[in-house]
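Quick note: the sequence shown uses this note's numbering, first residue 641, plus one each step.
Ideal Cβ positions, reconstructed from N, Cα and C, are used throughout, including at glycine.
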Amino acid sequence: FAPSYWYFLLLPIHFFMGPLHGAIVNWCGHKYGYSNFDNNDHSKNTTPIDFLMLGELFQNNHHKHPNSPNFAKKWFEVDPVYPVMRLLHWTRIIKLRKA
Numbered sequence: 641f642a643p644s645y646w647y648f649l650l651l652p653i654h655f656f657m658g659p660l661h662g663a664i665v666n667w668c669g670h671k672y673g674y675s676n677f678d679n680n681d682h683s684k685n686t687t688p689i690d691f692l693m694l695g696e697l698f699q700n701n702h703h704k705h706p707n708s709p710n711f712a713k714k715w716f717e718v719d720p721v722y723p724v725m726r727l728l729h730w731t732r733i734i735k736l737r738k739a
């Protein structure tokens, strides 16, 4: 489970990061940025390159295409997780479906 007892000291950080990440994504993704699509909601794409939140801040794209594995839709947007998913698909670890 844990190679050393001191790893258990990191559990509060782990418990805190999930809700913090969700709050950042939901707050920034509906307040700041630009919209590619008119979804009749307040969702926005916060930044064109989103490495800190791993593509989660493409909220407007996600609301328009909720089942798409790639959150980036414009040529200048980069979803850093999608190439990893394609690699896992290529190695047959996962299977991507057409959205």
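Per DSSP, residue i is paired with what?
i	result
Val718	Ile689
Tyr674	Asn685
Phe656	Paired residues: none, contrary to the question.
Phe698	Asn685
Assuming residue i and residue j form a contact by the criterion Cβ under 8 Å, report the distance between their Cβ atoms to the nearest whole angstrom.
i	j	result
Asn680	Lys714	The pair is not a contact, with the Cβ atoms about 20 Å apart (cut-off 8 Å).
Output the distance between the C-alpha atoms of residue i and residue j, rounded to the nearest integer angstrom.
i	j	result
Lys671	Leu728	33 Å
Arg726	Asp719	12 Å
His702	Gly673	14 Å
Pro643	Asp678	50 Å
Taking residue i as the reference, give the member of the options with the closest Cα.
i	options	result
Gly695	Asp678, Ser644 and Phe716	Phe716
Pro706	Thr731, Gly662, Lys738 and Tyr645	Lys738
Pro709	Tyr722, Trp646, Pro688 and Asn666	Tyr722
Ala663	Thr687, Ala642 and Leu697	Leu697
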